[in-house]
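Trainee: Note that the numbering used here numbers the sequence shown so that position 60 is 123, with each residue one more than the last. For glycine and all other residues, C-beta sits at the position ideal for the given N, C-alpha and C.
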Amino acid sequence: MKLKRNINKYLFFIVTLASLTNPIFAGYGGEGTKNKAEKISKYRTQELINYVNLTIYYLYSAENKNERHVILFKSCQKLLNSNKKTVKGKDKKNLISCTNLMNMGTYKNERSSINSNSSENSIKTNEEVKREEEARREEARREEEAKAKREADAKRRQEAKAKREADAKRREEAKAKREADAKRREEAKAKREADAKRRQEAKAKREADAKRREEAKAKREADAKRREEAKAKREADAKRRQEAKAKREADAKRREEAKAKREADAKRRQEAIQPRSTIDYKSRSSIEFSDDSDSNLIDY
Numbered sequence: 064m065k066l067k068r069n070i071n072k073y074l075f076f077i078v079t080l081a082s083l084t085n086p087i088f089a090g091y092g093g094e095g096t097k098n099k100a101e102k103i104s105k106y107r108t109q110e111l112i113n114y115v116n117l118t119i120y121y122l123y124s125a126e127n128k129n130e131r132h133v134i135l136f137k138s139c140q141k142l143l144n145s146n147k148k149t150v151k152g153k154d155k156k157n158l159i160s161c162t163n164l165m166n167m168g169t170y171k172n173e174r175s176s177i178n179s180n181s182s183e184n185s186i187k188t189n190e191e192v193k194r195e196e197e198a199r200r201e202e203a204r205r206e207e208e209a210k211a212k213r214e215a216d217a218k219r220r221q222e223a224k225a226k227r228e229a230d231a232k233r234r235e236e237a238k239a240k241r242e243a244d245a246k247r248r249e250e251a252k253a254k255r256e257a258d259a260k261r262r263q264e265a266k267a268k269r270e271a272d273a274k275r276r277e278e279a280k281a282k283r284e285a286d287a288k289r290r291e292e293a294k295a296k297r298e299a300d301a302k303r304r305q306e307a308k309a310k311r312e313a314d315a316k317r318r319e320e321a322k323a324k325r326e327a328d329a330k331r332r333q334e335a336i337q338p339r340s341t342i343d344y345k346s347r348s349s350i351e352f353s354d355d356s357d358s359n360l361i362d363y
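1) Hey, residue 161 and residue 115 are a contact pair by Cβ (cut 8 Å); roughly how many whole angstroms apart?
2) What is the rounded straight-line gap between the Cα of residue 249 and the Cα of residue 285?
3) Does residue 102 come out as helix, strand or coil in the three-state DSSP assignment?
4) May I have the straight-line CA-CA distance separating residue 242 from residue 258, to the nearest angstrom?
5) Taking the beta carbon of residue 98 as the centre, do at least 16 other beta carbons fall within 10 Å, making it buried, or is it exposed?
6) Assuming the contact rule is C-beta atoms closer than 8 Å, residue 137 and residue 103 should be a hit. Round their C-beta distance to whole Å, please.
7) List the endpoints of the continuous alpha helix (DSSP H) containing residue 138.
8) Identify whether residue 149 lies in helix, strand or coil by the three-state DSSP scheme.
9) Taking 8 Å as the cut-off, does the region 110-124 touch the region 150-170 (at least 3 CB pairs, one atom from each stretch)?
10) For a quick check, are the C-beta atoms of residue 199 and residue 128 less than 9 Å apart?
11) In this structure, how does DSSP classify residue 234 when only helix, strand and coil are distinguished?
12) Would you call residue 155 buried or exposed, if buried means 16 or more other Cβ atoms sit within 10 Å of its Cβ?
13) What are the boundary residues of the alpha helix (DSSP H) that includes residue 337?
14) For the alpha helix (DSSP H) containing residue 121, name the first residue and the last one.
15) Under a three-way DSSP split, which group does residue 162 fall into?
16) Look at the alpha carbon of residue 182 and the alpha carbon of residue 194, and state the distance between them as a whole number of angstroms.
17) Using only the alpha-carbon positions, how far apart do residue 100 and residue 237 sit?
18) So residue 158 and residue 106 are supposed to be a Cβ contact under 8 Å. How far apart are they, rounded?
19) Would you report the Cα separation of residue 87 and residue 169, rounded to the nearest angstrom?
20) Short of 6 Å in beta carbon distance, which residues of its chain neighbour residue 85, apart from the five on each side in sequence? Order them along the chain.
21) Starting from the C-beta of residue 245, find all residues in its chain whose C-beta is less than 8 Å away, skip the five residues before and the five after it, and write them out in chain order.
22) Reducing DSSP to helix, strand and coil, say where residue 276 ends up.
23) Tell whether a beta-carbon distance below 9 Å holds between residue 145 and residue 215.
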């Protein structure tokens, strides 16, 4: 058993050294055309699946295992058990590296020695590998279904969100339209009120102008009436003055006529008195007095 462990360690050292020095294994298969997608069916063969499963079992049972190879074969096992159709990039590099290791026979002797020591354990291991493979496939299927469900849920959420946003946008647009219509109605109402106010002001102005014209007309008529009355008064005063003047002239004329009559009477009396030389003064005075009383004239 000790010799077997030493051989295993020696082989492990050689394989590790080869993997570090060989550019085929360095970086898990080199660069190549890693970015070009290829169908995974090219690599998904039963031989490679069995090789990967048994190698993983060996690596986990070995004392000094290559951790890089463990990661590499675990990645290949996951890819081979997945539902992917194509691979590229790092996944493609990993499958190429696993295929190269299988073609070079790496870990083949170690797996054969384990199988020769215990066929029962080998059968059990194959069954466990199959069960693990089925479990991994089932897990991968569930993951894919869960992923598809999550993507569907996310899509539904996105669609619901988009619908909510569209509804919110429509509501905002409807609200903006209602507000714009309300604003237009308010502006139209304000315009109508302003027009009505202007019409009322214009009407009030016309009425005020008409009132002022009426008042001016009434004032003119009153002034004309006052002027007519003043004129009539002046004419009446002038007429009264004319009448008074005419009366004064008539009175003066009557006085002149009375005076002239008295003078004429006095002259007649004088002429009548002169031929009478025999009449004494007393008699003449009585006659003159008698003549004056008979005349009925008023000396003004």
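Mentor: In brief:
1) 6 Å
2) 52 Å
3) strand
4) 24 Å
5) exposed
6) Actually they are not in contact, since the Cβ atoms of residue 137 and residue 103 sit about 16 Å apart, beyond 8 Å.
7) 130-144
8) strand
9) yes
10) no
11) helix
12) buried
13) From DSSP, residue 337 is part of no alpha helix (DSSP H); its letter is neither H nor E.
14) 109-124
15) helix
16) Any reading at residue 182 must be qualified, since the residue scores a pLDDT of 49, below 50, and its modelled position is unreliable; no value is offered.
17) 50 Å
18) 4 Å
19) Here the model assigns residue 87 a pLDDT of 43, short of 50, so the residue's position is not dependable and the matter cannot be decided.
20) Its pLDDT being 49, under 50, residue 85 is placed unreliably in this model, and the coordinates cannot settle the point.
21) none
22) helix
23) no
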